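The number in this note's numbering is simply the position in the sequence shown, starting from 1, with 6 added. Step one of this worksheet: look at the structure below.
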Amino acid sequence: MDFNTFLFKLSKHPIKVIAPTIDFESYVPIDLSKDNKALEKLNTSCSLSWTTYINNFLKKRHKLIAFGGYLEPRSIYSRSAYFNTKNMLEERHIHLGVDLWCAAETPVLAAFDGVIHSFKNNTNHGDYGPTIILKHCINSITFYTLYGHLSKPSIKTLHKNMQITKGQVIGYLGCSDVNGDYAPHLHFQIIKNIADFEGDYPGVSSQNNLAFYRANCPDPNLVLKLY
């Protein structure tokens, strides 16, 4: 069984990684790609502009959580030197996780039973901010899930190898002051082989490296089952 099939078969039902009391009917897909013409008038360097855009998007649709972004090419990363390079093929702008956009302090849930692999406050402009990585071993297969853009208190009391159960609240969404300067959201990513990374893993790929990261970071919707 390949890894993608393994992930898909882990659950027949959608797995929640955020907001335990919010029903899936209150979720709506959102396009934040560079091809979205509605973003051309948005000041993408300003987290307040992004927050206003996301909030208005949700309000108009009478929804509470906007989701999407796997392998989405985005222009927002051009604002940050952390992602930029003069070589277009090396510039990191292709998103490797699924984002779930909603209010700051929304609870974040573990996708599966596991342990704390690592955690860190990634403070580069445009980075994850406080981040938790869980290690899972299911049916003798080991893999990892990453939860980025959390609040600072989310990582204060953690320790490596702490036992975590599926659906347990492991943290809360951070505001733009701590989450890398974004509108509040969860970056959820699945990682097959984490190598030597601790509390961090690339969440955005360049075109040159996309084949590797696409294989190592499969579509989180295999377990979220949102679309």
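Cβ atoms here follow ideal geometry from the backbone N, Cα and C, with glycine treated the same way. Remember, it's a predicted structure, so these values are computed and weren't measured experimentally.
Item checked: C-alpha gap between Asn227 and Ile147, whole angstroms -> If you number the sequence shown from 1, residue 227 lands on position 221. If you number the sequence shown from 1, residue 147 lands on position 141. Spanning the two alpha carbons is a distance of roughly 19 Å.
Note to self: Tell me the rounded alpha-carbon separation between Asp8 and Phe149.
What the structure shows: Within the sequence shown, the letter at position 2 stands for residue 8. Within the sequence shown, the letter at position 143 stands for residue 149. When rounded, the distance between both Cα atoms is 13 Å.
Next item on the list: Enumerate, from N- to C-terminal direction, the unbroken beta strand (DSSP E) stretches of 3 or more residues contained entirely within the stretch 17–92.
Entry: The stretch 17–92 contains these whole beta strand (DSSP E) runs: 33–35, 71–74.
Next item on the list: Check the DSSP bridge columns for His101 and list the partner residues they point to.
Entry: Numbered from its first residue, the sequence shown carries residue 101 at position 95. Val210, per the DSSP bridge assignment.
Margin query: Assuming Leu192 is part of the beta strand (DSSP E), what are its boundary residues?
Written below: What you label residue 192 is simply residue 186 of the sequence shown in a count that begins at 1. Run containing Leu192: 191–197, per the beta strand (DSSP E) assignment.
Margin query: Tell me the residue span of the alpha helix (DSSP H) that contains Thr11.
Written below: To locate residue 11, count along the sequence shown from 1; it is residue 5. Start and end: 9–14.
Check: Given a threshold of 16 other Cβ atoms within 10 Å of its Cβ, counted over all protein chains shown, does Gln169 qualify as buried or as exposed?
Finding: Numbered from its first residue, the sequence shown carries residue 169 at position 163. Label assigned to Gln169: exposed.
Next item on the list: Can you grab the Cα-Cα spacing for the pair Lys166 / Glu46, in whole Å?
Entry: As a first step, residue 166 is located in the sequence shown; it is residue number 160 there, counting from the start. As a first step, residue 46 is located in the sequence shown; it is residue number 40 there, counting from the start. Looking at the two C-alpha atoms, the distance is approximately 43 Å.
Check: Taking Cβ to Cβ, would you say Leu16 is nearer than 8 Å to Ile144?
Finding: In the sequence shown, the residue the question calls residue 16 occupies position 10. In the sequence shown, the residue the question calls residue 144 occupies position 138. Going by beta carbons, Leu16 and Ile144 fall inside the 8 Å limit.
Next item on the list: Please confirm whether Asn10 and Pro224 have their CB atoms less than 8 Å apart.
Entry: Position 4 of the sequence shown, counted from the start, is the residue given in the question as residue 10. Position 218 of the sequence shown, counted from the start, is the residue given in the question as residue 224. Closer than 8 Å, so yes.
Next item on the list: Out of Leu48, Asn49, Tyr33, Leu54, state which residue places its alpha-carbon closest to the alpha-carbon of Leu64.
Entry: Here residue 64 is taken as the residue at index 58 of the sequence shown, counted from 1. Of Leu48, Asn49, Tyr33, Leu54, the smallest CA-CA separation from Leu64 is found for Tyr33.
Note to self: Between the alpha carbons of Phe196 and Tyr134, how many angstroms are there, rounded?
What the structure shows: On the sequence shown, residue 196 is found 190 positions in, with the first residue counted as 1. On the sequence shown, residue 134 is found 128 positions in, with the first residue counted as 1. Correcting the residue identity first, residue 196 is Ile in this sequence and not Phe. Annotation: Ile196 to Tyr134 spans about 15 Å, alpha carbon to alpha carbon.
Notebook entry, point to check: Should the stretch 51–65 be regarded as contacting the stretch 18–28, the criterion being three or more beta carbon pairs within less than 8 Å?
Noted result: The stretch 51–65 makes no contact with the stretch 18–28, as fewer than three CB pairs between them are under 8 Å.
Next item on the list: With a 10 Å radius around its C-beta and 16 neighbouring C-beta atoms as the bar for buried, classify Pro113 as buried or exposed.
Entry: Taking the sequence shown and counting its residues from 1, one reaches residue 113 at position 107. Buried, by the Cβ-count rule.
Checklist line | Cβ-based neighbour list, Glu204, same chain, cut-off 6 Å, excluding 5 preceding and 5 following | finding: Here residue 204 refers to the residue found at position 198 when the sequence shown is read from its first residue. Within the same chain, Glu204 has close Cβ partners Ser124.
Notebook entry, point to check: Going straight from the alpha carbon of Gly74 to that of Tyr233, what length do you get?
Noted result: Locating residue 74 in the sequence shown gives position 68, counting from the first residue. Locating residue 233 in the sequence shown gives position 227, counting from the first residue. Just so you know, the alpha carbons of Gly74 and Tyr233 end up roughly 9 Å apart.
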